[in-house]
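Novice: As you go down the protein sequences, you meet chains Z and X in turn. Take any residue in the first sequence, note its place counting from 1, add 778, and you have its number in the working numbering. Take any residue in the second sequence, note its place counting from 1, add 778, and you have its number in the working numbering. Got a structure here, written out as structure tokens. Questions coming.
2 protein chains.
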Amino acid sequence: MVRPRFANLAPEQQQAILRAALDEFATHGFHDASLNRVIEAAGISKGSMYYYFEGKEDLYTYVARIEVERLLAEVGPFSVPSQGDADAFWSTLADYYLRLMTALTASPQLAALIRGWAAASKTPALQEAQQQLEQGMWPWLVQTLAAGQRVGAVRSDLPAALLIAVVVGMGQAMDTWLVTRAPDIDDLPRLIGALVEMIRGAVRP
Amino acid sequence: MVRPRFANLAPEQQQAILRAALDEFATHGFHDASLNRVIEAAGISKGSMYYYFEGKEDLYTYVARIEVERLLAEVGPFSVPSQGDADAFWSTLADYYLRLMTALTASPQLAALIRGWAAASKTPALQEAQQQLEQGMWPWLVQTLAAGQRVGAVRSDLPAALLIAVVVGMGQAMDTWLVTRAPDIDDLPRLIGALVEMIRGAVRP
DNA sequence: CTGGTGGTTCGACCAGTAGTCTAGACGATG
DNA sequence: CATCGTCTAGACTACTGGTCGAACCACCAG
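Pasting the structure below:
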């Protein structure tokens with residue numbers, strides 16, 4: 779966990795560290811990023827870095843969390859549609875997905891960070907961080923799944939964990955495909971529509 | 779590329795190196811594996827290791843390739859069904875998938891290696907290896923996809939690369955779910971059937 | 001038997017890594 | 001002025017993957 783002292787640091791220093799770390803992690807991923815380079819770029823000493831962060835993993839998860847929160851705040855809240863039919867459920871989801879992806883294509887650095895996260899999170903060194911993130915997202919996922927089942931949009935004959943795992947896997951595959959192809963903004967809605975259609979077909983009752 | 783001299787090495791030495799490497803990579807993944815530990819466990823010197831392999835990545839991809847080839851040989855060949863209807867296409871696929879997974883659950887070390895591969899392959903250090911592997915699998919994937927489209931089992935209105943990416947993503951998610959849950963052998967057919975059904979629903983025309 | 005020669009092995013060494021630790025600078029407070 | 005907590009600097013440790021030159025050894029020609 780990031781040490782609370784970090785909040786007391788002068789904001790410009792905080793920004794310098796965060797910017798340096800984001801740069802490094804976005805371009806190199808977790809493993810190939812060098813903490814020494816971050817320290818140098820941020821213009822601080824090793825002692826200071828370890829005074830504010832527990833280590834490389836801590837810095838990485840902190841930066842990732844901050845950036846994701848920024849993205850989510852920018853995209854706006856998502857409310858699970860508790861009523862309506864299956865079509866309404868899926869169009870709500872597609873709408874949110876579209877908003878997310880448009881925001882993401884606008885900030886390629888964050889996209890790279892997230893892609894790197896998806897690649898590195900399964901590695902032993904980051905399992906704790908991965909679990910932590912999953913715990914944070916889990917209620918949202920379960921809730922959305924339950925809502926989908928309630929309106930008859932999602933099958934109920936398989937374990938929820940399996941359904942979620944598969945859908946998340948599909949989402950990751952789609953994201954990397956989208957982000958590496960970098961399609962036109964105008965094409966995005968059509969593409970996203972097709973992608974949500976695929977998810978819908980996969981989990982249809 | 780593994781140096782050709784390796785083939786001339788005494789078989790027991792080859793085995794010692796391969797076994798040590800498989801052990802290390804399966805338990806630690808690529809990044810957290812230590813080449814020094816492999817060298818020690820294999821009972822050779824650093825110079826010899828680098829005499830036979832170009833480096834860590836080379837050893838890793840070699841071990842992975844050997845083990846995957848062993849698995850595929852054990853599972854037997856897969857022939858794309860060129861005729862028949864969609865049901866036949868999917869049942870052939872489900873059958874092959876089932877054979878693969880039963881073989882995989884029988885050798886957890888190999889399963890761990892493959893899981894580690896999926897996690898580490900997107901990392902910058904392994905992109906070449908990843909591309910190499912993909913190039914090897916690509917014709918097979920494209921062929922199978924085309925066969926599916928020919929019998930009307932797979933939609934044709936989306937880029938082949940996107941369809942393949944999504945299906946591979948689903949497969950990875952399912953594999954890790956299956957392998958971490960380690961379900962009964964008896965339950966496997968039912969589960970695999972459901973999983974293939976999900977894939978079918980996702981890519982249905 | 002001598003002296004190469006080429007394939008093979010060894011381990012010291014290099015530049016880099018993440019992380020630890022101690023000495024001290026700075027400022028507030030008694 | 002003295003002391004105490006906050007903070008910084010950077011030397012240091014134990015490790016990493018990778019390089020390199022020396023030595024070893026079976027072979028063969030003279």
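Each residue gets a CB set at the ideal place from its N, CA and C atoms; glycine is no exception.
(1) What residues of chain X sit near glycine 807 of chain Z, judged by a beta carbon separation below 7 Å?
(2) Cβ of methionine 779 of chain X less than 7 Å from any chain Z Cβ?
(3) Mapping the DSSP letters down to three states, classify threonine 901 of chain X as helix, strand or coil.
(4) Hey, which unbroken runs of the alpha helix (DSSP H) at 4 residues or more fall wholly within the segment 856 to 918 of chain X?
(5) Where are the alpha helix (DSSP H) runs, 4 residues long or more, that stay fully inside the segment 788 to 835 of chain X, in chain order?
(6) So what's aspartate 1012 of chain X in DSSP terms, helix, strand or just coil?
(7) Can you tell me which of the three DSSP states isoleucine 844 of chain X falls into?
(8) Between the C-alpha atoms of tyrosine 829 of chain Z and serine 899 of chain Z, what's the straight-line distance to the nearest angstrom?
(9) Taking the alpha-carbon positions, what's the alanine 799 of chain X to valine 816 of chain X distance?
(10) What residues in its chain sit with their C-beta under 7 Å from that of methionine 879 of chain X, if we drop five residues either side in the sequence?
(11) Roughly how many angstroms separate the alpha carbons of phenylalanine 730 of chain X and isoleucine 795 of chain X, rounded to a whole number?
(12) Pick helix, strand or coil for glycine 971 of chain X, following the three-state DSSP scheme.
(13) What is the DSSP secondary structure of methionine 779 of chain X, reduced to helix, strand or coil?
(14) Let me confirm a value: leucine 850 of chain Z is counted as buried when at least 16 other C-beta atoms fall within 10 Å, else exposed. Which label applies?
(15) Taking Cβ to Cβ, would you say valine 780 of chain Z is nearer than 7 Å to aspartate 836 of chain Z?
(16) Under 7 Å, CB to CB, which of the residues in the segment 940 to 965 of chain X have a partner in chain Z?
(17) Quick check: the Cα distance between proline 859 of chain X and valine 944 of chain Z, rounded to an integer number of angstroms?
(18) Give the DSSP-derived three-state secondary structure of glycine 926 of chain Z in the structure shown.
(19) Verify the CB distance criterion: does alanine 890 of chain Z have a CB-CB separation below 7 Å to chain X?
(20) DSSP three-state label for glycine 764 of chain X, please.
(21) Using a Cβ-Cβ cut-off of 7 Å, state whether glycine 979 of chain Z counts as contacting chain X.
(22) Where valine 932 of chain X and glutamine 913 of chain X are concerned, what is the direct C-alpha to C-alpha distance, given to the nearest angstrom?
(23) Could you tell me which chain X residues have their CB closer than 7 Å to the CB of methionine 915 of chain Z, listed as they occur along the chain?
(24) With DSSP as the reference, label alanine 980 of chain Z as helix, strand or coil.
(25) When the Cα atoms are used, what is the spatial distance from leucine 888 of chain Z to leucine 882 of chain Z?
(26) Strictly below 7 Å CB to CB, what residues from chain X border leucine 936 of chain Z?
(27) I need the straight-line Cα distance from glutamine 1049 of chain X to serine 826 of chain X, nearest angstrom please.
(28) Could you check what DSSP says for isoleucine 963 of chain Z in three-state terms: helix, strand or coil?
Specialist: Walking through what the data contain:
(1) Along the first sequence, one-based indexing puts residue 807 of chain Z at 29. Near glycine 807 of chain Z (Cβ distances below 7 Å), the residues of chain X are Thr901 and Pro902.
(2) The sequence position of residue 779 of chain X within the second sequence is 1, counting from 1. Not an interface residue.
(3) Translated into positions along the second sequence, residue 901 of chain X becomes position 123. Looking at threonine 901 of chain X - three-state DSSP - the assignment turns out to be coil, as it is neither helix nor strand.
(4) You should have 864 to 884 and 886 to 898.
(5) 789 to 810, 813 to 820 and 824 to 830, all fully within the segment 788 to 835 of chain X.
(6) An answer regarding residue 1012 of chain X cannot be provided, because it is not within the stretch 779 to 983 covered by chain X.
(7) If you number the second sequence from 1, residue 844 of chain X lands on position 66. Helix, per DSSP.
(8) For the purposes of this step, residue 829 of chain Z is taken as the residue at position 51 of the first sequence. For the purposes of this step, residue 899 of chain Z is taken as the residue at position 121 of the first sequence. Roughly 25 Å between the two C-alpha positions.
(9) Stepping through the second sequence from its first residue, residue 799 of chain X is reached at position 21. Stepping through the second sequence from its first residue, residue 816 of chain X is reached at position 38. Taking the straight line joining both Cα atoms gives about 6 Å.
(10) Along the second sequence, read from residue 1 onward, the residue named residue 879 of chain X stands at position 101. Cβ neighbours of methionine 879 of chain X beyond the five flanking positions: Leu956, Leu966 and Ile970.
(11) The requested residue 730 of chain X does not occur in the structure, where chain X is confined to residues 779 to 983.
(12) In the second sequence, counting from the first residue as 1, residue 971 of chain X sits at position 193. Three-state result, glycine 971 of chain X: helix.
(13) Working through the second sequence from its first residue, we reach residue 779 of chain X at position 1. Three-state result, methionine 779 of chain X: coil.
(14) The residue given as residue 850 of chain Z occupies position 72 in the first sequence. Leucine 850 of chain Z should be labelled exposed.
(15) The sequence position of residue 780 of chain Z within the first sequence is 2, counting from 1. The sequence position of residue 836 of chain Z within the first sequence is 58, counting from 1. For valine 780 of chain Z and aspartate 836 of chain Z, yes; Cβs fall inside 7 Å.
(16) Leu940, Ala943, Val944, Val946, Gly947, Met948, Gln950, Ala951, Met952 and Trp955
(17) Looking up residue 859 of chain X in the second sequence gives position 81. Looking up residue 944 of chain Z in the first sequence gives position 166. A straight-line Cα-Cα distance of about 26 Å links proline 859 of chain X and valine 944 of chain Z.
(18) Locating residue 926 of chain Z in the first sequence gives position 148, counting from the first residue. Residue state, collapsed to three classes: helix.
(19) Within the first sequence, residue 890 of chain Z is the residue found at index 112, counting from 1. No, alanine 890 of chain Z lies away from the interface with chain X (no Cβ there is under 7 Å from its Cβ).
(20) What the structure shows of chain X is the stretch from 779 to 983, and residue 764 of chain X is not part of that stretch, so it cannot be assessed.
(21) Residue mapping note: residue 979 of chain Z aligns to position 201 of the first sequence, counting from 1. For glycine 979 of chain Z, the nearest beta carbon of chain X is closer than 7 Å to its own beta carbon.
(22) Numbered from its first residue, the second sequence carries residue 932 of chain X at position 154. Numbered from its first residue, the second sequence carries residue 913 of chain X at position 135. Distance between the alpha carbons of valine 932 of chain X and glutamine 913 of chain X: 22 Å.
(23) Within the first sequence, the letter at position 137 stands for residue 915 of chain Z. Ordered by position in chain X, no residue passes the 7 Å Cβ test against methionine 915 of chain Z, which lies about 15 Å from the chain.
(24) Sequence index remark: in the first sequence, residue 980 of chain Z carries index 202 (1-based). Three-state DSSP puts alanine 980 of chain Z in a helix.
(25) Working through the first sequence from its first residue, we reach residue 888 of chain Z at position 110. Working through the first sequence from its first residue, we reach residue 882 of chain Z at position 104. Spanning the two alpha carbons is a distance of roughly 7 Å.
(26) Counting from one through the first sequence, the residue named residue 936 of chain Z turns up at place 158. Those are Ala972, listed as they occur along chain X.
(27) This structure does not reach residue 1049 of chain X, given that chain X is present from 779 up to 983, and the question cannot be answered.
(28) Here the question's residue 963 of chain Z lines up with position 185 in the first sequence. DSSP places isoleucine 963 of chain Z in coil when its eight states are reduced to three.
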